[in-house]
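Take the sequence shown: its position 249, counting from 1, is numbered 236 in my numbering, and each next residue is one higher.
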Amino acid sequence: MRKIISIISAVSFIFGMSACQKKSDVVIHSAADLAGKRIGCQTGTTGELYIQEEVTGAKLKSFKTGIDASLDLKNGAIDAIVLDELPAKEIVSRNPDLTIVNDNFMVESYAVAVKKGNAELLESINKTIANLKSSGKYEELIKNFMPVEGDIVIPEIDELNTKDVLKMGTNAAFPPFEFIMGTEVVGFDVAIGKLIAKNYGKKLKVIDMSFDGLIAALQSGAIDFIAAGMTATEERKQNVDFSEPYYESNQVIIIRKAVQ
């Protein structure tokens, strides 16, 4: 059985909310225009690092999720949001008073993170990613979770009947990679996580937490790996080991539409 969704139930109410759009003389056409602006981002992300290091005079405000940041943007409390492309598109699709400035100013690769030195699990994860891409299964998942037209489709993935679990840490506020549907965490990363666990001889257990707490949870042993649209930056590589990249994305800027 395949589950088809057209909206994410956990956030549909928020995305459906109307807000009074405030007229603003803030003009942002590219990343260069972010200088001196009030900018929102998700805590612990590469977008936050970019604002801190590359945007002159930025007034940074970090949020637990991009959804939270979008509410402040709609209300005029910030001027823009820097966020990964696909979650940004999801937010804009539910908020007609917001739009995306796609300047392709920072391209990045997502990878799965494991605890430093866990070579056995890392090797298994890399084999799973390679097999997904060579078998065509990867493209099927892309079509399911990132359709050109129509609804997201949650594929049914058979899991092993075992009590042994592999714990995946994620932040379920990053559609289509991970999000809540009903009471379940689903998404592109979760589907890959199930296949990673299956190939490792275990069943997947998803643990939802704040994005900025994931690496600490991995280091403490609370989780076995991270799949959360996480970019393999040089700074993070000092604390965790990363798999081969499994998805390439870029940062975009969300702004309010100009008042006509």
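From the three backbone atoms N, C-alpha and C, an ideal C-beta is built for every residue, glycine too.
DSSP beta-bridge partners of D71: Assignment of beta-bridge partners to D71 by DSSP yields Q238.
Return the chain-ordered list of same chain residues with a C-beta closer than 7 angstroms to the C-beta of F132, the five sequence neighbours on each side being excluded. I139, P163, G174, F175
Classify Q8 as helix, strand or coil using the three-state DSSP reduction. At Q8, the pLDDT of 39 sits below 50, so the modelled position is not reliable; the number obtained from the coordinates is stated separately. DSSP places Q8 in coil when its eight states are reduced to three.
Which class does A100 belong to by DSSP, given the choice of helix, strand or coil? strand
Should S121 go down as buried or exposed, given a rule of 16 or more other Cβ atoms within 10 Å for buried? exposed
Shortest alpha-carbon distance to I194 belongs to which of L205, N186, G188? L205
Can you list, in chain order, the residues of its chain whose CB lies under 8 angstroms from that of L73, leaving out five sequence neighbours each side? M133, P162, P163, F164, S236
Specify, as a first and last residue, the run of the alpha helix (DSSP H) that V177 falls within. 175 to 186
Taking one C-beta from the segment 48 to 63 and one from the segment 87 to 105 each time, how about it: are there three or more such pairs within less than 8 angstroms? Because the criterion of three Cβ pairs below 8 angstroms is not met, the segment 48 to 63 and the segment 87 to 105 do not touch.
Assign D20 to one of three DSSP states: helix, strand, or coil. helix
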